[in-house]
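2 protein chains.
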Amino acid sequence: MRTSLCDTLGIEHPIVAFTPSEHVAAAVSKAGGLGVLGCVRFNDPDELDRVLDWMDQNTGGKPYGVDVVMPAKVPTEGTQVDLDSLIPPEHREFVNRTLDELGVPELPEDEKERGGVLGWLHSVARSHVDVALRHPISLIANALGSPPVDIIEQAHSHDVLVAALAGKAEHARRHVDNGVDIVVAQGHEAGGHTGEIATMVLVPEIVDAIGGRAPVLAAGGIGTGRQVAAALALGASGAWMGSYWLTTAEYGVTMGDSVTQEALLAANSSDTVRSRIYTGKPARLLKTKWTEAWAAPDAPQPLPMPLQNILVSDAHQRMMRASDPQAVSMPVGQIVGRMNEIRPVAEVFNDLLREVEETFTRLDKLR
Amino acid sequence: MRTSLCDTLGIEHPIVAFTPSEHVAAAVSKAGGLGVLGCVRFNDPDELDRVLDWMDQNTGGKPYGVDVVMPAKVPTEGTQVDLDSLIPPEHREFVNRTLDELGVPELPEDEKERGGVLGWLHSVARSHVDVALRHPISLIANALGSPPVDIIEQAHSHDVLVAALAGKAEHARRHVDNGVDIVVAQGHEAGGHTGEIATMVLVPEIVDAIGGRAPVLAAGGIGTGRQVAAALALGASGAWMGSYWLTTAEYGVTMGDSVTQEALLAANSSDTVRSRIYTGKPARLLKTKWTEAWAAPDAPQPLPMPLQNILVSDAHQRMMRASDPQAVSMPVGQIVGRMNEIRPVAEVFNDLLREVEETFTRLDKLR
């Protein structure tokens with residue numbers, strides 16, 4: 507399987523892996539796809555710098571990219587203290603009460619006050635871009651759509667392409683107007699931030715809307731070669747896959763996080779929920795006792811971005827350190843129903859390629 | 507494009523059209539697909555009988571099917587009067603107040619008291635089956651999943667196949683265990699009754715779950731040849747399309763309903779909502795002032811099936827007779843964004859076939 511995207515990105519197979527794990531990203535790039543490292547977990551730009559150094563040494567010279575979380579409009583930001591003061595005490599009480607009810611222990615003293623996940627802040631996302639552009643990256647993707655035009659220009663001046671996620675055709679058009687090079691058409695069934703329109707409808711709609719001005723990657727619901735082939739049938743130039751790498755061995759190497767993986771392995775395709783509780787914007791998450799608590803009639807409404815993430819940041823840390831797969835907070839798409847064993851990235855990747863070929867052969871026989 | 511389903515159903519192209527319009531159903535069958543006439547609009551079995559007589563004379567001897575709405579479990583039914591008494595007065599007041607606010611006129615005196623749409627009642631659906639089996643039908647499809655086993659056996663004794671819609675893999679398995687011959691995997695993006703799981707994820711899941719015991723039709727989000735090809739890539743043996751025929755010329759011939767078609771033509775893929783207000787079970791509808799009124803904080807919760815449909819039946823009649831495309835009640839899928847002109851069925855059908863071939867050719871070049 508080869509599309510024009512392979513030439514655009516200098517890759518062998520048009521499969522792009524979004525992942526917070528540098529081990530997954532490197533393994534995908536080495537397998538001939540494009541690994542895209544999610545930067546939102548790096549509060550400290552120096553830590554991102556060190557991880558990208560590691561990437562530079564472990565991708566065998568193959569291309570890779572990074573993913574940031576940056577609104578097109580620059581929001582007014584305060585300091586951490588200012589933002590904290592905007593969180594209603596009732597919300598904090600609800601979070602603490604819920605964690606107590608779920609039996610989630612407090613963080614050890616030496617891990618408290620780490621300050622939450624700051625990658626959702628515009629200034630921090632900008633520092634991610636600055637750091638990343640000092641490395642030989644091929645792509646900057648933005649989870650929240652088109653980044654500000656100056657970021658796009660900065661990337662282009664480093665010969666780095668820019669990709670932007672879109673959940674509606676009108677957004678995709680706007681992204682390309684801004685100078686975005688690749689559109690990721692992310693359907694309703696995807697994990698993380700996601701819109702209402704399903705991949706089957708969204709992909710050809712976006713392909714038609716931007717009329718060949720940029721290649722389109724299909725995202726949402728992809729975990730088999732049949733689904734990659736379907737994405738290509740819909741007019742995409744490749745597949746953007748995020749959730750499916752969460753149950754690879756390499757993800758476990760980075761995250762050391764067997765509880766989350768255990769929860770993902772046990773889930774079926776009905777075990778997700780789209781909710782604003784993760785960041786303040788609708789995102790698809792694994793359905794757990796934590797998401798159920800927020801769906802109860804007495805639960806507060808989630809706060810807007812970035813307040814909601816600050817509110818739940820400690821809770822996420824606490825649940826990740828605890829050992830209850832029923833109480834985790836994890837973005838994942840409906841493809842979770844097909845994530846049923848821990849496997850190495852290379853094996854997953856080769857299975858995808860093999861099934862794409864099988865699907866093409868099967869379709870050819872229907873003619 | 508030919509799949510095993512073509513032999514199973516004796517059709518030329520594996521495209522099945524669900525439609526309440528006999529003119530659409532006949533045109534699809536004549537074009538080489540399978541037209542499946544929705545029976546729920548027929549309160550009077552004799553009227554269905556007459557329409558099926560018309561089908562027998564106007565399908566050129568090509569196969570066709572019918573679609574009924576029948577729960578697998580036989581519910582306790584009262585008479586129309588009993589059911590009416592179960593509807594809270596507050597619900598009736600809300601409906602009347604909403605229609606007044608939307609400026610929807612009352613029905614003329616001679617059209618009142620027609621008794622609502624009874625096709626949602628089990629007894630009426632059974633009478634539809636009895637009538638249909640007196641005609642040379644090829645297929646009975648059930649919108650609510652597997653029909654009761656005695657209905658399946660009755661169909662089989664007439665050499666009629668049974669299809670059942672499924673929104674989850676476990677439902678599909680149960681349908682096939684009951685003797686259902688064809689599973690329609692209907693994704694979240696579909697119009698009418700629909701589940702949470704999107705077509706991209708659902709179709710291969712159901713194909714794998716039933717392991718070749720029955721062919722699978724993909725439903726939800728299909729309106730172009732690219733989407734038909736994607737459905738086949740996902741492992742489906744064909745496409746089940748419902749919404750897309752609502753803006754054909756033939757639909758207008760049956761329904762004489764230019765207001766609804768006008769509303770559909772104007773809508774984009776974001777203009778649908780999944781709600782229980784149509785029948786009591788979650789169904790995707792065109793987003794209008796009517797659906798928005800039910801989504802308001804002060805609106806009552808929809809009633810369970812079949813009460814909700816009885817409650818809103820007169821309202822549906824009133825809105826259909828009125829001339830405001832902003833106040834209609836119409837099940838439709840997200841593909842509505844691609845329904846932008848009134849065209850004859852044959853033209854739509856031929857475009858689908860042409861684009862499937864183009865897609866296969868395009869995919870072949872990616873190998």
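Protein sequences appear in the order of chains G and R. In our numbering, each number is its position in the first sequence, counted from 1, plus 506. In our numbering, each number is its position in the second sequence, counted from 1, plus 506. C-beta atoms are modelled at their ideal positions from N, C-alpha and C, and glycine is treated no differently. Computed from a prediction, not measured in an experiment: that's the story for all the values here.
What are the partner residues of residue i, as DSSP defines its beta bridges?
i, result
"H699 of chain G", "G:A789"
"P837 of chain R", "R:L791"
"V690 of chain R", "R:L671 and R:L723"
"G744 of chain G", "G:L723"
"R780 of chain G", "G:R790"
"I728 of chain R", "Answer by DSSP bridge pairing: none, since I728 of chain R is not bridged."
"V572 of chain G", "G:L543 and G:I646"
"T754 of chain G", "G:R849"
Looking at C-alpha atoms only, which residue of the options is the closest neighbour of residue i?
i, options, result
"L558 of chain G", "G:L543, G:V655, G:R547 and G:G697", "G:L543"
"V800 of chain G", "G:T785, G:R640, G:S781 and G:G567", "Here residue 800 of chain G turns out to be Trp, not Val, going by the sequence shown. Considering only alpha carbons, the answer is G:S781."
"G726 of chain R", "R:C512, R:M507, R:M747 and R:A742", "R:M747"
"L515 of chain R", "R:G541, R:P611 and R:T525", "R:G541"
"M845 of chain G", "G:R860, G:T754, G:D804 and G:D763", "G:T754"
"I646 of chain G", "G:D573, G:Q660 and G:E528", "G:D573"
"P803 of chain G", "G:F600, G:G539, G:R640 and G:E553", "G:F600"
"A537 of chain G", "G:R860, G:H662, G:V851 and G:V734", "G:V851"
"Q692 of chain G", "G:H664, G:S644, G:A742 and G:Q660", "G:A742"
Flag residue i as yes if its beta-carbon sits less than 9 Å from any beta-carbon of chain C, otherwise no.
i, result
"E711 of chain R", "No chain C is present in this structure, whose protein chains are G and R."
Closer than 8 Å by C-beta to residue i: which residues in its own chain qualify, once you throw out the five before and the five after it? Chain order, please.
i, result
"E768 of chain R", "P831"
"V598 of chain R", "According to the sequence provided, residue 598 of chain R is Arg. The question's Val does not apply to it. Closer than 8 Å at the Cβ level, and outside the excluded window around R598 of chain R, lie L817."
"L613 of chain G", "D820, Q823, R824 and R827"
"V834 of chain R", "V765, T766, A769, L792, T794, W796, M825 and M826"
"P611 of chain R", "R824, R827 and A828"
Cutting at 7 Å between CB atoms, please list the residues of its own chain near residue i, excluding the five before and the five after it.
i, result
"N684 of chain G", "S652, V655 and I658"
"I688 of chain R", "L667, A669, A720, P721 and L723"
"G744 of chain R", "T509, L511, P520, I521, V522 and L723"
"E695 of chain G", "A704, T705, G726, G727, G839 and Q840"
"E528 of chain R", "L543, V557, W560, M561 and T760"
"K674 of chain R", "G701 and I703"
Where do the ends of the alpha helix (DSSP H) carrying residue i lie?
i, result
"V854 of chain R", "V851 to D870"
"G566 of chain R", "No alpha helix (DSSP H) contains G566 of chain R, which DSSP labels as neither H nor E."
"L723 of chain G", "Element bounds for L723 of chain G: not the alpha helix (DSSP H) but the beta strand (DSSP E), V722 to A725."
"V601 of chain R", "P595 to E607"
"V635 of chain G", "H628 to A638"
"D820 of chain R", "L813 to R827"
"E528 of chain R", "E528 to A537"
"D665 of chain G", "Counting along the chain, D665 of chain G falls outside any alpha helix (DSSP H), and DSSP gives it neither H nor E."
"E711 of chain R", "T705 to I716"
"D763 of chain G", "Counting along the chain, D763 of chain G falls outside any alpha helix (DSSP H), and DSSP gives it neither H nor E."
"T514 of chain G", "S510 to L515"
From residue i to residue j, what does the alpha carbon distance come to, in whole angstroms?
i, j, result
"S591 of chain R", "N856 of chain R", "50 Å"
"V765 of chain R", "V713 of chain G", "30 Å"
"A923 of chain R", "T700 of chain R", "The structure shown has nothing for residue 923 of chain R, since chain R only spans 507 to 873."
"R603 of chain R", "T797 of chain R", "14 Å"
"I728 of chain R", "N815 of chain R", "27 Å"
"A578 of chain R", "L650 of chain R", "8 Å"
"E676 of chain G", "A715 of chain G", "8 Å"
"W751 of chain R", "V707 of chain G", "16 Å"
"V690 of chain G", "L608 of chain G", "37 Å"
"A772 of chain G", "L589 of chain R", "43 Å"
"T509 of chain R", "V759 of chain R", "32 Å"
"D550 of chain R", "M576 of chain R", "16 Å"
"A533 of chain R", "E847 of chain R", "18 Å"
"A704 of chain R", "R732 of chain G", "15 Å"
"D870 of chain R", "R679 of chain G", "29 Å"
"T565 of chain G", "F548 of chain G", "20 Å"
"D636 of chain G", "N648 of chain R", "58 Å"
"L809 of chain R", "T785 of chain R", "8 Å"
Could you spell out the range, first to last residue, of the beta strand (DSSP E) harbouring residue i?
i, result
"G544 of chain G", "L540 to G544"
"A523 of chain G", "I521 to T525"
Would you check whether the ligand ADP has a heavy atom nearer than 8 Å to the C-beta of residue i?
i, result
"H664 of chain G", "Although the ligand ADP was asked about, the structure shown includes no ligands whatsoever."
I'd like the list of long-range same chain contacts for residue i, defined as Cβ closer than 6 Å, with 5 residues on each side in sequence excluded.
i, result
"K787 of chain R", "H699 and M811"
"T867 of chain R", "none"
"A789 of chain G", "G698, H699 and P837"
"V686 of chain R", "S652, V668 and A670"
"I643 of chain R", "G571, V572 and V666"
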